[in-house]
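Engineer: Quick note on numbering: numbering that gives the first Met the number 0 labels position 103 of the sequence shown as 102, and the sequence is numbered without any gaps.
After the structure tokens below, expect a handful of questions from me.
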Amino acid sequence: MKILVTGGLGFIGSHTVVELQNEGFEVVVIDDCSNASEQVLEGITAITGKMPIFEKIDLREKDKVTDFFKRHHDLKGVIHFAASKAVGESVEKPLLYYENNLGTLVYILKELTQKTNASLIFSSSCTVYGQADEMPITETAPVKTAESPYGNTKQMGEEIIFDTCKVTPHLKAIALRYFNPMGAHPSIEIGELPTGVPQNLVPFITQTGVGLRKELSVYGDDYPTEDGTAVRDYIYVVDLAKAHVIALKRLLEDKNASNYEVFNVGTGKGSSVLEVIKSFEKVSGKKLNYKIVDRRAGDITSAYADTTKANTVLGWTSEYSLDQAMKTAWEWEQKVRRKA
Ligand code: WQD
0 MKILVTGGLG FIGSHTVVEL QNEGFEVVVI DDCSNASEQV LEGITAITGK
50 MPIFEKIDLR EKDKVTDFFK RHHDLKGVIH FAASKAVGES VEKPLLYYEN
100 NLGTLVYILK ELTQKTNASL IFSSSCTVYG QADEMPITET APVKTAESPY
150 GNTKQMGEEI IFDTCKVTPH LKAIALRYFN PMGAHPSIEI GELPTGVPQN
200 LVPFITQTGV GLRKELSVYG DDYPTEDGTA VRDYIYVVDL AKAHVIALKR
250 LLEDKNASNY EVFNVGTGKG SSVLEVIKSF EKVSGKKLNY KIVDRRAGDI
300 TSAYADTTKA NTVLGWTSEY SLDQAMKTAW EWEQKVRRKA
């Protein structure tokens, strides 16, 4: 069965390509390489023994999208990761984000509604909940006004798919709302490759650990949490990748309850920034250089998932603990620096 993975050279995309190939799917990757390198193909091949088909396409070029679907009319599924993801940049360049993240989604949906019978898995985000009123967060928690154009593209993306599914009975879609993905493949052949200074906690920690950054700034210790630092749900990237394959199979086997479904993908466990630092210190045996600074604008206090729906309906559970995931992130960071 042939599956298209857009953004398949990115962090979550590449791990999902591996899991799909391990399950015997034929994978076609589209990536414009704006935030990923073609070298990732080598890592995927080293793990799976198979090089996926790769087409370098910018999905904003509608003619190329149409042409692609004409050539691959036998696709059974599309996992759509391709998107811009820097929250701060999205505030500076909203139109870039609306074009990249929503324009391209519309082009893909046009193809899926017209010419193919392929199912869709969409990368959504826990950012749609904003600061939820209750923890853990269930899928029925209200969607709050987005803090950034990036967050807005995830909310609107879900709505666009929902509206399209409503009038297209043959189209089946699942949106996965990720919490905070982290880690690298256990083979250490692929992992996270942030460009420039990382905005996310885990790559900033590992880069500090390896000496690339002087110290980590912990954004606030006056939150109403146990140790005063903000709490998130850190989900191992391979566990997250597996959730995509399970969701896709649900659609391919017609097991879905309706033609548009939403699932949280997290561990169900909240960890504070200080707990994440402790995990790093434990698995690396190194002391991390950090200081407490003011809160970061736009940050929420706490977000962790109620995973009951994913556990019971999808039959998916996360397997790796924070420490196990951190160990892979640390090994990956050291490998990347040795190569640099
Ligand atoms: C985690 C915690 C920071 C960096 C991200 C995306 C969001 C969504 C989920 C995809 C926070 C603290 C961080 C640092 C720190 N992803 N921190 N020092 O903010 O939960 O959201 O993942 O859709 O869109 O932005 O993740 O890793 O940036 O931060 O103290 O140098 O670590 O304040 O509490 P976040 P993050």
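Note that beta-carbon positions come from the ideal geometry of N, C-alpha and C, so glycine has one too.
If you check the beta carbons only, do Tyr97 and Thr152 fall under 8 Å apart?
Structural biologist: yes
Engineer: Should His72 be labelled buried (16 or more other beta-carbon atoms within 10 Å of its own) or exposed?
Structural biologist: Counting the other Cβ atoms within 10 Å of the Cβ of His72 gives fewer than 16, which makes it exposed.
Engineer: In three-state DSSP terms, what is Asp322?
Structural biologist: helix
Engineer: Do you know offhand how far Ile29's Cα is from Glu225's?
Structural biologist: 43 Å
Engineer: Which runs of the alpha helix (DSSP H) fall wholly inside the segment 179-231 and span at least 4 residues, in chain order?
Structural biologist: 200-208
Engineer: Going by DSSP, what residues sit across from Asp30 in a beta bridge?
Structural biologist: Lys55
Engineer: Going by DSSP, which residues form a beta bridge with Arg176?
Structural biologist: Ser123, Asn263
Engineer: Per DSSP, Gly76 forms a beta bridge with which residues?
Structural biologist: Looking at the DSSP assignment, Gly76 forms a beta bridge with Ile2, Ser118.
Engineer: Any idea what DSSP makes of Glu292, helix, strand or coil?
Structural biologist: As written in the sequence, residue 292 is Val, which differs from the Glu given in the question. If DSSP states are grouped into helix, strand and coil, Val292 belongs with the strands.
Engineer: Hey, would you say Thr423 sits closer than 8 Å to Ala324, going by beta carbons?
Structural biologist: The structure shown does not extend to residue 423, since the chain spans only 0 to 339, so no value can be given for it.
Engineer: Among the candidates Leu273, Asp293, Gln154, whose CA atom is the shortest distance from the CA of Gly129?
Structural biologist: Gln154
Engineer: Taking the C-alpha atoms as reference points, what is the distance between Lys281 and Leu287?
Structural biologist: Looking at the two C-alpha atoms, the distance is approximately 10 Å.
Engineer: Excluding five sequence neighbours on each side, which residues of the same chain lie with their C-beta closer than 6 Å to the C-beta of Ile173?
Structural biologist: Result list for Ile173: Ile120, Ala246, Glu260, in chain order.
Engineer: Does any heavy atom of the ligand WQD sit closer than 7 Å to the C-beta of Lys345?
Structural biologist: The question about residue 345 has no answer here: the residues shown for the chain are numbered 0 through 339.
Engineer: Are there three or more Cβ pairs, one per stretch, closer than 8 Å when the segment 251-258 is compared with the segment 320-336?
Structural biologist: no
Engineer: Leaving out the 5 sequence neighbours to the left and right, which residues in its chain are closer than 8 Å to Ile160 when beta-carbon positions are compared?
Structural biologist: Leu104, Leu108, Leu119, Phe121, Ala172, Ala174, Tyr259
Engineer: Find out if the Cβ-Cβ distance for the pair Val4, Ile56 is shorter than 8 Å.
Structural biologist: no
Engineer: Quick one: residues in its chain with C-beta nearer than 8 Å to the C-beta of Gly267, no 5 flanking neighbours on either side, listed in chain order?
Structural biologist: Pro135, Asp232, Tyr303, Ala304, Asp305, Thr306, Ser317
Engineer: Can you check which of these residues, Arg337, Trp315, Ile299, Arg336, is closest to Glu133 by C-alpha distance?
Structural biologist: When only C-alpha atoms are compared, the closest one is Ile299.
Engineer: Look at the Cβ atom of Val217, then the Cβ atom of Lys290, and state whether they are nearer than 8 Å.
Structural biologist: yes
Engineer: In this structure, how does DSSP classify Ile160 when only helix, strand and coil are distinguished?
Structural biologist: helix
Engineer: Identify which residue in Tyr319, Ser257, Ser320 has its Cα closest to the Cα of Val312.
Structural biologist: Residue Ser257 is the option with its Cα nearest to Val312.
Engineer: Can you tell me whether Ala339 is buried or exposed? The criterion is at least 16 other CB atoms within 10 Å of its CB, across all chains shown.
Structural biologist: exposed
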